[in-house]
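Under numbering that gives the first Met the number 0, think of the first position of the sequence shown as 0, with each following residue one higher. Each residue gets a CB set at the ideal place from its N, CA and C atoms; glycine is no exception. As the structure is a prediction and not an experimental result, all values here were calculated from the model. Right, one structure below, let's go through it.
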Amino acid sequence: MTVKSFTFNDFQENTYIIYDDTKECIIIDPGCNSHQEQKQLSSFIELHNLKPKHLINTHCHIDHILGNKYVSELYQLKLTSHKKEIPVLQFGIKTASMYQIHYDISPDIEIFIEEGDVISFGQSALEVLFTPGHSPASISLVSESDKILIAGDVLFQGSIGRTDLPGGNFETLTRVIKSKFFTLHDDTIVYSGHGVKTTIGIEKRTNPFF
Numbered sequence: 000m001t002v003k004s005f006t007f008n009d010f011q012e013n014t015y016i017i018y019d020d021t022k023e024c025i026i027i028d029p030g031c032n033s034h035q036e037q038k039q040l041s042s043f044i045e046l047h048n049l050k051p052k053h054l055i056n057t058h059c060h061i062d063h064i065l066g067n068k069y070v071s072e073l074y075q076l077k078l079t080s081h082k083k084e085i086p087v088l089q090f091g092i093k094t095a096s097m098y099q100i101h102y103d104i105s106p107d108i109e110i111f112i113e114e115g116d117v118i119s120f121g122q123s124a125l126e127v128l129f130t131p132g133h134s135p136a137s138i139s140l141v142s143e144s145d146k147i148l149i150a151g152d153v154l155f156q157g158s159i160g161r162t163d164l165p166g167g168n169f170e171t172l173t174r175v176i177k178s179k180f181f182t183l184h185d186d187t188i189v190y191s192g193h194g195v196k197t198t199i200g201i202e203k204r205t206n207p208f209f
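In structure tokens:
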């Protein structure tokens, strides 16, 4: 599996495209919100002859959903996320108004995923982890064989996700990280929703929240 990251919008949110040798790919948390950002995403897909198969939100805060409509319509993909993120997605209109940012309203979640489900594309697969605490029903995606973790806003290099937003809970978040992330191999690469990538081993040793 190859992971390509983009940093989009005023929130500096990380969008991911993951693909393998078959050229099938998945698009995670498209935050592209300007024509230039949208073109950057689609041009990469076109350049590498990729075939998008899934559109996934780890969670539905505004910075992670700004490009949902664009990606969904361009590649004819249904939105995939956890069912309990529906209220968060619906609140995006108010959040965009509050921050005075342009927002093409996201399509509804049509494919619901939860703990233990598998996202398959090409010859690859990612397992779904239920990782609430930053948002009510955030999910993460892991391949233990490829040592890849898509963590959303759960874990960052040297930090953790905010827990002061609706549905956030500090105890839940730290418990999830310790029980579901820190049990992974130390060499697992963590791709977060903001900032640079890190590894499980580094965070176990140096993250000040643990």
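Check: Residues bridged to Tyr18 (per DSSP); Outcome: Thr1, Cys24
Check: Per-residue DSSP class, three states only, for His47; Outcome: coil
Check: Heavy atom of the ligand COA within 7 Å of Leu164 beta-carbon; Outcome: The model depicted lacks the ligand COA and carries no ligand whatsoever.
Check: Ile118 vs His53 beta-carbon contact at 8 Å; Outcome: yes
Check: Strand pairing of Ser158, partner residues [DSSP]; Outcome: Phe155
Check: Residue closest to Ala124, alpha-carbon to alpha-carbon, out of Cys24, Ser33, His60, Lys3; Outcome: Cys24
Check: Residue burial classification, Ile104 (beta-carbon count within 10 angstroms, cutoff 16); Outcome: exposed
Check: With 16 other Cβ atoms within 10 Å as the buried cut-off, status of Leu76; Outcome: buried
Check: Ordered list of beta strand (DSSP E) runs contained in the region 77–134, each at least 3 residues; Outcome: 78–80, 108–111, 117–120, 123–129
Check: Reduced DSSP secondary structure (H/G/I, E/B, other) of His53; Outcome: strand
Check: Which of helix, strand or coil DSSP assigns to Glu143; Outcome: coil
Check: Member of Met0, Asn8, His184 whose CA lies at the smallest distance from the CA of His63; Outcome: Asn8
Check: Residue(s) in a DSSP beta bridge with Leu148; Outcome: Val141, Val189
Check: Whether Asn206 touches Gly160 by CB criterion (8 Å); Outcome: no
Check: Nearest-angstrom Cα separation, counted from Glu202 out to Cys31; Outcome: 28 Å
Check: Thr182, DSSP secondary structure in three states; Outcome: coil
Check: Reference Pro165, options Val70, Thr6, Lys83, closest by Cα; Outcome: Lys83
Check: Assigned exposure category for Tyr18 - 16 Cβ within 10 Å defines buried; Outcome: buried
Check: As assigned by DSSP and simplified to three states, the class of Asn13; Outcome: strand
Check: Validate contact between the region 37–57 and the region 89–104 using beta carbons, cut 8 Å, 3 pairs; Outcome: no
Check: Own chain partners of Ile107 with C-beta closer than 8 Å, once the 5 adjacent residues on each side are dropped; Outcome: Looking at the sequence shown, residue 107 is not Ile but Asp. Contacts found: Leu78, Ile85, Leu88.
Check: Three-state secondary structure assigned by DSSP to Phe7; Outcome: strand
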